[in-house]
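Q:
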Amino acid sequence: MLLSVHATVGAVIGQNVNTPLLAFVLAFISHFILDIIPHGDRALIQAYRNNFKNKGMKYLIVFDLISTAILIFLLFFFQKLTLSQTVIWGIIGGILPDFMVAIHEITKKHFSRTHKLHYWAHNKLNTKISWIMPLKLALVSQIIIIYLLLK
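Plus 67 on top of the position in the sequence shown (first one is 1) and you've got this note's numbering.
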């Protein structure tokens with residue numbers, strides 16, 4: 068799932084709870100729940116695991132980071148979100164698992180439990196469904212999810 072989806076869900080959670088800690092915890096948990104939903108990155112992840120230098124995955128990561136930063140900025144700028152500690156901690160909680168997984172992938176040491184949980188969430192339904200969602204369809208569906216969350 069794109070970071071922008073996790074960040075938006077985290078922000079919406081933060082917008083609707085009273086404490087930064089609760090926003091962080093709920094957004095962190097939501098990350099894994101969202102990752103259970105098949106979201107079109109199965110082929111990219113497999114290619115990444117087979118060849119660390121996979122250009123498609125690198126481009127997607129860079130696109131994801133930049134688009135997430137732009138989206139969050141625009142949501143604050145156009146006042147779709149209120150800048151508050153709970154919203155910021157919701158965003159951090161929503162995207163932190165992916166950063167923890169990246170650190171684990173690089174070091175092979177840190178955050179191994181989070182990596183295992185992340186792997187489990189990504190494969191919970193993916194291994195039971197023979198149909199592989201095309202990445203383009205997944206991106207469109209995730210953009211629709213963001214739109215519906217902010218409506």
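Quick reminder that beta carbons are idealized off the backbone N, C-alpha and C, glycines included.
What you are looking at is a predicted structure, and each value in this text was computed from that prediction instead of being measured.
Is the region 148–161 in contact with the region 84–103, if contact means three or more CB pairs nearer than 8 Å?
A: Yes, the region 148–161 is in contact with the region 84–103.
Q: Using a C-beta cutoff of 8 Å, does residue 165 count as contacting chain C?
A: This model lacks chain C altogether; it includes just one protein chain.
Q: Would you kindly report the start and end of the unbroken alpha helix (DSSP H) that includes residue 101?
A: Unbroken alpha helix (DSSP H) run through residue 101: 87–103.
Q: Using a Cβ-Cβ cutoff of less than 8 Å, which residues in the same chain neighbour residue 217 once the five nearest sequence positions on both sides are dropped?
A: Cβ neighbours of residue 217 beyond the five flanking positions: 75, 79, 142, 147.
Q: Leaving aside the five residues before and after residue 90 along the sequence, list all residues of the same chain whose C-beta is less than 6 Å from its C-beta, in chain order.
A: Closer than 6 Å at the Cβ level, and outside the excluded window around residue 90, lie 80, 81, 84, 153, 156, 157.
Q: Is residue 162 closer than 8 Å to residue 77 when the C-beta atoms are compared?
A: Going by C-beta atoms, residue 77 is nearer than 8 Å to residue 162.
Q: Check whether the Cβ atoms of residue 208 and residue 131 lie closer than 8 Å to each other.
A: Contact: no.
Q: Count the other CB atoms, across all protein chains shown, that sit within 10 Å of the CB of residue 138; report buried if there are 16 or more and exposed otherwise.
A: So residue 138 counts as buried.
Q: If you compare alpha carbons, which of 212, 214, 184 is closest to residue 96?
A: Of 212, 214, 184, the residue nearest in Cα terms is 184.
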